[in-house]
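Per my numbering, the very first residue in the sequence shown carries number 7; after that it's consecutive.
Ideal Cβ positions, reconstructed from N, Cα and C, are used throughout, including at glycine.
This report concerns only the one structure given below.
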Amino acid sequence: MCRYLCFYGLPLNEDFITLRRETHRQPATLPLAGGDGETLVPFLADQTLNWTVVDES
């Protein structure tokens, strides 16, 4: 793994996320912070995904 990250001078990530197999639809757009009405089109916008990130906060 380090052969890729070390090339960019980035430290290895020590955090992790938990995924759950759950079908959901990716939104077509997401609002950007700032409230000026700008939006972001996410990767795989408006498509069905089979995994979701478990919110552990």
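Mind checking which residues open and close the beta strand (DSSP E) that includes N19? Residue numbering aside, residue 19 sits at position 13 when the sequence shown is read from its first letter. Per DSSP, N19 belongs to no beta strand (DSSP E) and is neither H nor E.
Which value, in whole angstroms, describes the spacing of the CA atoms of L18 and E62? The residue you call residue 18 lines up with position 12 of the sequence shown. The residue you call residue 62 lines up with position 56 of the sequence shown. One C-alpha to the other measures close to 21 Å.
Three-state class that DSSP yields for E28 in the structure shown: Taking the first residue of the sequence shown as position 1, residue 28 is located at position 22. Strand at E28.
Consult DSSP for V64 and reduce its assignment to one of helix, strand or coil. Since the first residue shown for the chain is 7 and the last is 63, residue 64 is missing from the structure and cannot be characterised.
What residues in its chain sit with their C-beta under 7 Å from that of P37, if we drop five residues either side in the sequence? For the purposes of this step, residue 37 is taken as residue 31 along the sequence shown, with counting starting at 1. Excluding residues within five positions, the ones whose Cβ falls inside 7 Å are T45.
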